[in-house]
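Asker: First the structure, then my questions, so here it is.
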Amino acid sequence: MTAPYVPQIALYRRWLKEQRGLSFSSFEEMRQWSVRDLDAYWQSIWDYFDLRSPTLHRAVLAERKMPGAVWFPGASVNYAQQVFRHVEAADATGMPAIVSSGEDGVLQETSWPELRRQAAALAIHLREKGVKPGDRVAAYLPNIPETIIAFLAAASLGAIWSVCAPDMAAPAVIDRFKQIEPKVLIACDAVTYAGRRHDRRAVIDELRCSLPSVEHVILHSDAAASAASPDQRLSEILAAKGPAIDAFEPVWLPFDHPLWIVYSSGTTGLPKPIVHSHGGIIIVVLPLNTLHNDIGCSYQPNSLSERFHWYSSTGWIMWNCQVNGLLNGTTCCIFDGSPGGSKDKPDWATLWRFVADARVTVFGAGAAFFANCTKAEIDLAPVGDLSHLRTLGSTGSPLSADTQAWFNQRFAALAKVNGNAAQADMWWANISGGTDFAGAFIGGNRELPQTPGTMQCRILGCAVEAFNEQGRAVIDEVGELVCTEPLPSMPLRFWNDPDDARYRASYFETYPDNFDGSGRGPVWRHGDWLKIAADDSCVIFGRSDATINRHGLRMGTSELYSAIEALPEILDSMVVDLEYLGRESYMPLFVVLRDGIALDEAMKARINKAIEMGLSRRLLPNEIFAVPEIPRTLSGKKQELPIKKLLLGHPLEKVINKDAMANPGCLEWYLAFADNHLRKHAGAA
Numbered sequence: 025m026t027a028p029y030v031p032q033i034a035l036y037r038r039w040l041k042e043q044r045g046l047s048f049s050s051f052e053e054m055r056q057w058s059v060r061d062l063d064a065y066w067q068s069i070w071d072y073f074d075l076r077s078p079t080l081h082r083a084v085l086a087e088r089k090m091p092g093a094v095w096f097p098g099a100s101v102n103y104a105q106q107v108f109r110h111v112e113a114a115d116a117t118g119m120p121a122i123v124s125s126g127e128d129g130v131l132q133e134t135s136w137p138e139l140r141r142q143a144a145a146l147a148i149h150l151r152e153k154g155v156k157p158g159d160r161v162a163a164y165l166p167n168i169p170e171t172i173i174a175f176l177a178a179a180s181l182g183a184i185w186s187v188c189a190p191d192m193a194a195p196a197v198i199d200r201f202k203q204i205e206p207k208v209l210i211a212c213d214a215v216t217y218a219g220r221r222h223d224r225r226a227v228i229d230e231l232r233c234s235l236p237s238v239e240h241v242i243l244h245s246d247a248a249a250s251a252a253s254p255d256q257r258l259s260e261i262l263a264a265k266g267p268a269i270d271a272f273e274p275v276w277l278p279f280d281h282p283l284w285i286v287y288s289s290g291t292t293g294l295p296k297p298i299v300h301s302h303g304g305i306i307i308v309v310l311p312l313n314t315l316h317n318d319i320g321c322s323y324q325p326n327s328l329s330e331r332f333h334w335y336s337s338t339g340w341i342m343w344n345c346q347v348n349g350l351l352n353g354t355t356c357c358i359f360d361g362s363p364g365g366s367k368d369k370p371d372w373a374t375l376w377r378f379v380a381d382a383r384v385t386v387f388g389a390g391a392a393f394f395a396n397c398t399k400a401e402i403d404l405a406p407v408g409d410l411s412h413l414r415t416l417g418s419t420g421s422p423l424s425a426d427t428q429a430w431f432n433q434r435f436a437a438l439a440k441v442n443g444n445a446a447q448a449d450m451w452w453a454n455i456s457g458g459t460d461f462a463g464a465f466i467g468g469n470r471e472l473p474q475t476p477g478t479m480q481c482r483i484l485g486c487a488v489e490a491f492n493e494q495g496r497a498v499i500d501e502v503g504e505l506v507c508t509e510p511l512p513s514m515p516l517r518f519w520n521d522p523d524d525a526r527y528r529a530s531y532f533e534t535y536p537d538n539f540d541g542s543g544r545g546p547v548w549r550h551g552d553w554l555k556i557a558a559d560d561s562c563v564i565f566g567r568s569d570a571t572i573n574r575h576g577l578r579m580g581t582s583e584l585y586s587a588i589e590a591l592p593e594i595l596d597s598m599v600v601d602l603e604y605l606g607r608e609s610y611m612p613l614f615v616v617l618r619d620g621i622a623l624d625e626a627m628k629a630r631i632n633k634a635i636e637m638g639l640s641r642r643l644l645p646n647e648i649f650a651v652p653e654i655p656r657t658l659s660g661k662k663q664e665l666p667i668k669k670l671l672l673g674h675p676l677e678k679v680i681n682k683d684a685m686a687n688p689g690c691l692e693w694y695l696a697f698a699d700n701h702l703r704k705h706a707g708a709a
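Sequential numbering from 25 applies to the sequence shown in the working numbering.
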């Protein structure tokens, strides 16, 4: 398919004029309306997407405060109900619900009727095992159709879903699940990643021992069933058929009934178990995915055959984002495995072959994936037919202008061959949000100009500002990303958090009640550096607690990385700025070099020259070190703050959670470096 004849946001704007009598001279004027008149905006989203409830809501926003906003009281919803309303129409046009594949490259399709039938079969099984609304169903599963089916089954009963990826070690999983006391555990006994089969039976045994609340275990396994095993096989449950399954309907729930529990990255202490609601997720992700990411319904003529793929493991909030495509009747394409081949045989064309084979129209991934593709200098021509692809999306960390421009050039060349005019000027839906509210604050708009390295706009309904040190909104200056009005998908609470103490500390302590003397309530501080340009485009400069402040010049780290990583010899990099009382700061730069490249004086000079030419001499590092790896979280974010704290003398166990890391083995180098650095500077003042 090529780009829709009418962008999704244009359809909504036309509807506002016809149904509400509202006209706007610009998108930003429309966004300002959406955050000033919250009741009118969110009611319009309810009506535009024809959300259904057997009971009427008494108000849109009954309590306009943060935290604790009360949305759509009286309304009844269910995430699974919203998904299954598309079954007949989607199936009538031959659209599958899920297209899936793994490292073997074999495609499988799950039809909409099969999605509903299997979810109903599992839901009835869970109900027979005593699962009730509010009970927790925990899963240790990869990114396969069965995981989506299990989630929909739990949601249809009003049970609360929580999933961990099977690449996570037992301690990390236990740290998460033990807090929420699940009644049911659904787990896989093996997983394939980067060409290797990894046995997970020992992990399941540890989970059994450490989670006494679990009353029932369901096993997803390719192995032959054993009479000695007390566990029920997921495959057997999903194969069930009958009148009760055909007649099953998800239960209606209050708008704010808990849907799932997701977890913060947890660099210190236990991960925060964040609770989101059925209604909040439904009403926030529909406009995000549809209006801003321009992902259409697969059976509607304007977006016929839409296929949506956002690469993720089940341990990242982007898995939830991928599944959310089903809410609007979109075919979801999922890939389970390594996006870059194995360590022995790196292959960054792997996902592109899946995109071609699955006829994906909207393809998103972490910014690091696209950067790795450019470093590997992949050739898109041999991967297959990419002519269906019309949108690329990025998140997880800032996407550099160079990386975006590199792909734009390649797709412009492909467009001349495959005839897809949309690829001549490829549109990027670059977004920035978070696990915290399972959405995005900054994103795309197909109708606006796009500049590589920037995001096009703030999202409708999101009262996002950049605050300076005085707590005032600024334009064309880097400031704290804040949200000054409630959003329906903000957390209901953290699980087992008396008086919301951890919740408030996480988001509302920086700007508490009446922080600026205006009498306003608390403001959500997200923890990112943001610059909003005069044209309303946005740039994220990394985490606000890992900023650089050198010689009076304050800068997020992403611009520095853009300058450094543009050098072909540099595969990865990380910088930390150590500030001390009474003496100058110290800023080391860590770089991962290509094989065969030495960090000699000439290479150091090239790095410094790149920083000087791209940014400023004031941002030159004190020292440069070659390292084997840059420490990253499971979602791919550089762990600047934990390494910064290590170098300031904080103990390892206080600053970093190894189980939340993608590559914990690399810490040994940084521990030795920190020890040497601290001994060298002992007594300095």
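C-beta: ideal position from N, C-alpha, C; glycine also. These numbers come from a predicted model, not from an experiment.
1. Pick from Pro325, Ala392, Leu350, Lys367: whose alpha carbon is nearest that of Tyr335?
2. Does the segment 327-345 come within contact of the segment 186-205, defined as at least 3 CB pairs closer than 8 Å?
3. For Glu273, does the three-state DSSP call read helix, strand or coil?
4. In this structure, how does DSSP classify Trp693 when only helix, strand and coil are distinguished?
5. Assign Asp223 to one of three DSSP states: helix, strand, or coil.
6. Per DSSP, what are the beta-bridge partners of Gln132 in this structure?
7. Would DSSP call Leu596 helix, strand or coil?
8. Nearest by alpha-carbon distance to Arg224: which of Leu235, Pro254, Tyr164 is it?
9. What do you reckon, are the CB atoms on Ser421 and Gly468 nearer than 8 Å?
10. If distances are taken between C-alpha atoms only, which option among Ser180, Pro169, Glu138, Arg496 comes closest to Lys156?
11. Whose CA, out of His550, His81, Gly541, lies closest to the CA of Tyr531?
12. Between the Cα of Cys481 and those of Gly365, Gln56, Arg38, spot the shortest distance and give me the residue it belongs to.
13. DSSP state of Ala490, grouped into three classes?
14. Quick one: Cα of Gly638 to Cα of Ala587, how far?
15. Here's a check: name, in chain order, each residue in its chain whose Cβ is nearer than 8 Å to the Cβ of Pro565, leaving out the five neighbours to either side.
16. Helix, strand or coil for His705? Go by DSSP, reduced to three states.
17. Is the beta carbon of Gln516 sitting closer than 8 Å to the one on His300?
18. Which two residues bound the contiguous alpha helix (DSSP H) that contains Tyr531?
19. Within the same chain, show all residues whose beta-carbon is closer than 8 Å to that of Tyr29, passing over the 5 residues directly before and after it, in chain order.
20. List the endpoints of the continuous beta strand (DSSP E) containing Asn348.
21. When you compare only the Cα positions, how much space is there between Pro688 and Arg656?
22. Short of 8 Å in beta carbon distance, which residues of its chain neighbour Leu351, apart from the five on each side in sequence? Order them along the chain.
23. Quick check: what's the CA-CA separation for Asn520 versus Ile204?
24. For Leu46, collect the residues of the same chain with a Cβ closer than 6 Å to its Cβ; drop the 5 residues on either side in sequence, then sort them by chain order.
25. So is Ala144 buried or exposed if we call it buried at 16+ other beta carbons inside 10 Å?
26. For Val600, count neighbouring Cβ atoms within 10 angstroms of its own Cβ and tell me buried if that reaches 16, exposed if not.
27. Classify Lys41 as helix, strand or coil using the three-state DSSP reduction.
28. Going by DSSP in three states, Gly304 sits in which element: helix, strand or coil?
29. What does a CB cutoff of less than 7 Å around Leu146 pick up in its chain, not counting 5 residues either side in sequence?
30. Verify whether the separation of the beta carbon atoms of Ala710 and Tyr287 is less than 8 Å.
31. Which complete beta strand (DSSP E) runs does the segment 360-443 hold, if anything under 3 residues is left out?
32. Applying the criterion that 16 or more other CB atoms from any shown protein chain within 10 Å of the CB defines a buried residue, is Arg544 buried or exposed?
33. Could you check the C-alpha separation between Lys153 and Ala453 for me, to the nearest Å?
34. Quick one: what's got a C-beta closer than 8 Å to Ile198's C-beta in the same chain, skipping five residues either side?
35. Given this structure, state the Cα-to-Cα distance separating Leu243 from Cys507, to the nearest angstrom.
36. Count the other CB atoms, across all protein chains shown, that sit within 10 Å of the CB of Ala121; report buried if there are 16 or more and exposed otherwise.
Answerer: Reading off the structure:
1. Here the question's residue 335 lines up with position 311 in the sequence shown. The residue among Pro325, Ala392, Leu350, Lys367 with its C-alpha nearest the C-alpha of Tyr335 is Ala392.
2. yes
3. Taking the first residue of the sequence shown as position 1, residue 273 is located at position 249. DSSP places Glu273 in coil when its eight states are reduced to three.
4. Along the sequence shown, one-based indexing puts residue 693 at 669. Note: Trp693 maps to helix in three-state DSSP.
5. By 1-based counting over the sequence shown, the position of residue 223 is 199. In the structure shown, Asp223 falls within a strand segment according to DSSP collapsed to helix, strand and coil.
6. Counted from its first residue, the sequence shown places residue 132 at position 108. DSSP lists Ser124 as partners of Gln132.
7. Start at 1 with the first residue of the sequence shown, and residue 596 comes out as number 572. Sequence check: residue 596 is Asp here, not Leu. Reduced to three states, the DSSP call for Asp596 is strand.
8. Against the sequence shown, residue 224 aligns to sequence position 200. It is Tyr164.
9. Taking the first residue of the sequence shown as position 1, residue 421 is located at position 397. Taking the first residue of the sequence shown as position 1, residue 468 is located at position 444. Contact: no.
10. Residue mapping note: residue 156 aligns to position 132 of the sequence shown, counting from 1. Nearest of Ser180, Pro169, Glu138, Arg496 to Lys156, Cα basis: Ser180.
11. Position 507 of the sequence shown, counting from 1, holds the residue named residue 531. Checked all of His550, His81, Gly541; the closest Cα to Tyr531 is His550.
12. Mapped onto the sequence shown, residue 481 falls at position 457. Between Cys481 and the set Gly365, Gln56, Arg38, the nearest pair of CA atoms involves Gln56.
13. Locating residue 490 in the sequence shown gives position 466, where the first residue counts as 1. It is a strand residue.
14. Walking along the sequence shown from the start, residue 638 turns up at place 614. Walking along the sequence shown from the start, residue 587 turns up at place 563. One C-alpha to the other measures close to 6 Å.
15. Translated into positions along the sequence shown, residue 565 becomes position 541. Looking at the sequence provided, one finds Phe at residue 565 rather than Pro. The beta carbon of Phe565 lies closer than 8 Å to those of Pro422, Val502, Asp552, Trp553, Leu554, Lys555, Thr571, Met579, Gly580, Thr581, Ser582, Glu583 in the same chain, with the five residues before and after it left out.
16. Taking the sequence shown and counting its residues from 1, one reaches residue 705 at position 681. In the structure shown, His705 sits in coil (DSSP, three-state: anything other than H, G, I, E or B).
17. Start at 1 with the first residue of the sequence shown, and residue 516 comes out as number 492. Start at 1 with the first residue of the sequence shown, and residue 300 comes out as number 276. Here residue 516 turns out to be Leu, not Gln, going by the sequence shown. Their beta carbons are under 8 Å apart, which means Leu516 touches His300 by this criterion.
18. Working through the sequence shown from its first residue, we reach residue 531 at position 507. For Tyr531, the enclosing alpha helix (DSSP H) begins and ends at 525-531.
19. In the sequence shown, residue 29 corresponds to position 5, counting from 1. Asn326.
20. Taking the sequence shown and counting its residues from 1, the one referred to as residue 348 is at position 324. Unbroken run through Asn348: none, as it is neither H nor E.
21. Counting from 1 along the sequence shown, the entry for residue 688 is found at position 664. Counting from 1 along the sequence shown, the entry for residue 656 is found at position 632. Roughly 8 Å separates the two Cα atoms.
22. As a first step, residue 351 is located in the sequence shown; it is residue number 327 there, counting from the start. These residues qualify, in order along the chain: Tyr103, Gln106, Val107, Ile306, Val309, Leu310, Asn313.
23. Against the sequence shown, residue 520 aligns to sequence position 496. Against the sequence shown, residue 204 aligns to sequence position 180. Rounded to whole angstroms, Asn520 to Ile204 spans 8 Å at the Cα level.
24. Sequence index remark: in the sequence shown, residue 46 carries index 22 (1-based). Closer than 6 Å at the Cβ level, and outside the excluded window around Leu46, lie Leu40.
25. Working through the sequence shown from its first residue, we reach residue 144 at position 120. So Ala144 ends up on the buried side.
26. Taking the first residue of the sequence shown as position 1, residue 600 is located at position 576. Residue environment for Val600: buried (at least 16 other C-beta atoms within 10 angstroms of its C-beta).
27. In the sequence shown, the residue the question calls residue 41 occupies position 17. It is helical.
28. Your numbering for residue 304 matches position 280 in the sequence shown. In the structure shown, Gly304 sits in a helix (DSSP, three-state: H, G or I).
29. As a first step, residue 146 must be located in the sequence shown, where it is residue number 122. Here the set comprises Ile173, Ala174, Ala177, Ile261, Leu262.
30. The question about residue 710 has no answer here: the residues shown for the chain are numbered 25 through 709.
31. 386-390, 415-419
32. Taking the sequence shown and counting its residues from 1, the one referred to as residue 544 is at position 520. Looking at its Cβ environment, which holds fewer than 16 other Cβ atoms inside 10 Å, Arg544 is exposed.
33. For this step, residue 153 is matched to residue 129 along the sequence shown. For this step, residue 453 is matched to residue 429 along the sequence shown. Going by the C-alpha atoms only, they are around 43 Å apart.
34. Within the sequence shown, numbered from 1, the residue matching residue 198 stands at position 174. For Ile198, same chain residues with a beta-carbon under 8 Å away, outside a window of 5 residues either side, are Glu230, Leu231, Ser234, Leu235 in chain order.
35. Along the sequence shown, one-based indexing puts residue 243 at 219. Along the sequence shown, one-based indexing puts residue 507 at 483. Looking at the two C-alpha atoms, the distance is approximately 42 Å.
36. Numbered from its first residue, the sequence shown carries residue 121 at position 97. Classification for Ala121: buried.
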